[in-house]
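Colleague: In the numbering used here, the protein residues as written are 337 to 708. Got a structure for you, questions after.
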Amino acid sequence: MVAGEASGDLLAGLLLDGMRARWPDLRAGGIGGPDMARRGFEAWWPHDKLAVRGYVEVLRHYREIVGIRKQLQQRLLRERPEVFIGVDAPDFNLDLEAGLKAQGVKTVHFVCPSIWAWRPGRTEHIRRSADHVLCLFPFEPALLAQHGIAATYVGHPLANVIPMSPDRGAARRALGLPEEGEVLAILPGSRGSEVRYLARVFFEAAARVRQARPGIRCIVPAMPALRPAIEEAARAAGLGEGLTIVTGRSHEVLAACDLTLIASGTATLEAALYKRPMVIAYRMNWLTFQIMRRQQLQPWIGLPNILCGDFVVPELVQDRANPDTLAAALLEWLRAPDRMAAVQQRFTALHHLLQRDTASLATDAIQNLLES
């Protein structure tokens, strides 16, 4: 297995639970993170080696990433596993899967690349690379079938992990937050490049929100490796008093908050499943942004908006993701409780749509592939 970042590590860990229930003697190794390691996964490289987003950013790490993929492919062709499962990270995994499939190793890709959002030309790459695709969203298998790609809708595993009615009070007690009063969660991303582009902007926006609503508390879940950079960004933005930084615990933070300022990515879906209103933002290298914008097929970048087919929450990208506009969008939510309640109902319906026995359905599909 290969999972290339924190969200992939979480998905792969849940999949490993289902596979171990089916095959207790399962041996699994490759590239992964702490959630996979807790399931007995043997990580030959840590998952954060692949946690790079954007064309320009990847170029800086290109030689190392290609070297890892070459070494991994050579090892897998020597050891001949029953199946290789690439978890998301399509730019790394699809090429690896193509090389393995060509040599007779069965390949599964878990998380359909978002061909419905951008880069539709990847369909041929997927067909050449994956014997089977495990899809998180219900409309994806029919889309892949049009291109001759076998796929199964397995639901989104986070929809089973996250409770339908989160306990805000319990989460606040666990985090040491007061049970009364407004709480803003700040999630500037799980990659170093995201924190570099977003953290200070997010904290400066939060400082403006606190000027307008002095009683609001701010909380940030930080990955251990990124915590020093996040702390420095908070200091630089002058956001000290009323700010809590915790290591990890992003789900507790989302359960505890009233509202979140959040980087575009899987975390936005987690926030939606916690029924939290949000402002989605993203900034990146200018050249990367220009390239990606030209390949975008839909008007939305945030998963909650894509899945709802509407701008149910604001999206502010690149130059529009500045402290003033972000703060204004956050304050609009806080001043409109009826609007907050309406989006929570929308997210409850989305949660029901995505809730399936993901681990069992995915394991069934893998077993069918192995027996075919």
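Backbone N, C-alpha and C fix where the C-beta goes; we use that ideal spot for every residue, glycine too. Every value quoted in this text rests on a predicted model; they were computed, and no experiment measured them.
(1) Got a sec, what are the start and stop residues for the alpha helix (DSSP H) V497 sits in?
(2) Going by CA-CA distance only, name the one from R527, P477, V444 and L412 that's closest to R619.
(3) Taking only three categories from DSSP, how would you classify M559?
(4) Pull up the distance between the alpha-carbon of L666 and that of A672, whole angstroms please.
(5) Would you say R536 reaches chain B, if we count a Cβ-Cβ gap shorter than 9 Å as a contact?
(6) Do I485 and T459 count as a contact pair if the criterion is CB distance below 9 Å?
(7) Under 9 Å between the Cβ atoms of A466 and E433?
(8) Among the candidates A599, L697, I498 and E518, whose CA atom is the shortest distance from the CA of L686?
(9) For R358, I'd like the list of residues in its chain whose CB is within less than 6 Å of its CB, leaving aside the five on either flank, ordered along the chain.
(10) Taking F420 and L436 to be in contact with their CB atoms under 8 Å, please state how far apart those CB atoms are, rounded to whole angstroms.
(11) Is the beta carbon of V423 less than 9 Å from the beta carbon of T694?
(12) Between P474 and G349, what straight-line distance do the alpha-carbon atoms span, to the nearest angstrom?
(13) Starting from the Cα of R553, find the closest Cα among A535, R356, E567 and I522 and give me that residue.
(14) Which of helix, strand or coil does DSSP assign to A569?
(15) Judging by CA-CA distance, which residue of V537, A487 and L513 is the nearest neighbour of A569?
(16) Starting from the C-beta of R375, find all residues in its chain whose C-beta is less than 7 Å away, skip the five residues before and the five after it, and write them out in chain order.
(17) Buried or exposed: Q407, going by 16 or more other Cβ atoms within 10 Å of its Cβ?
(18) Compute the Euclidean distance between the alpha carbons of S586 and A558, then round it to the nearest angstrom.
(19) Secondary structure at L523, three-state DSSP: helix, strand or coil?
(20) Taking L643 as the reference, which of G574, R546, T684 and G551 has the closest Cα?
(21) Does DSSP put M337 in a helix, a strand or coil?
(22) In angstroms with no decimal places, state the Cα-to-Cα distance between I637 and E606.
(23) Drop a sphere of 10 angstroms on the beta-carbon of D345, count the other beta-carbons inside from all chains shown, and report buried for 16 or more, exposed for fewer.
(24) Does N641 pass the burial test, meaning 16 or more other C-beta atoms within 10 Å, or should it be called exposed?
(25) Please report the straight-line C-alpha distance between Q681 and D361, rounded to a whole angstrom.
(26) Among A425, H468 and Q439, whose alpha-carbon lies nearest the alpha-carbon of P449?
(27) Under the assumption that A507 contacts L662 (Cβ atoms under 8 Å), give the Cβ distance between them as a whole number of angstroms.
(28) At what residues does the beta strand (DSSP E) containing H445 begin and finish?
(29) Have a look at C471, P370, I404 and V556 and flag the residue whose alpha-carbon is nearest the alpha-carbon of E579.
(30) Keeping to the same chain, check which residues put their C-beta closer than 6 Å to that of G517; ignore five residues upstream and five downstream.
(31) Near D594, what residues of its chain come up, given a Cβ to Cβ distance below 6 Å and the 5 sequence neighbours on each side ignored?
(32) Is DSSP giving Y610 helix, strand or coil here?
(33) Please report how far the alpha carbon of E707 lies from the alpha carbon of R399, in whole angstroms.
(34) Could you check where the alpha helix (DSSP H) with L697 kicks off and where it finishes?
(35) Shortest alpha-carbon distance to T596 belongs to which of M372, E668 and E378?
(36) Whole angstroms are fine: how far does the CA of L705 sit from the CA of R463?
Modeller: According to the data block:
(1) L494 to V497
(2) R527
(3) coil
(4) 10 Å
(5) The structure shown contains no chain B, having only a single protein chain.
(6) yes
(7) yes
(8) I498
(9) T699
(10) 5 Å
(11) no
(12) 22 Å
(13) I522
(14) helix
(15) V537
(16) G349, L352, D353 and R356
(17) exposed
(18) 8 Å
(19) strand
(20) T684
(21) coil
(22) 15 Å
(23) buried
(24) buried
(25) 43 Å
(26) A425
(27) Actually they do not touch by this definition, with Cβ atoms about 24 Å apart.
(28) K442 to F446
(29) The displayed chain sequence assigns Leu, not Glu, to residue 579. Per the Cα distances, V556.
(30) G551
(31) E518 and V519
(32) coil
(33) 37 Å
(34) T694 to E707
(35) E668
(36) 15 Å
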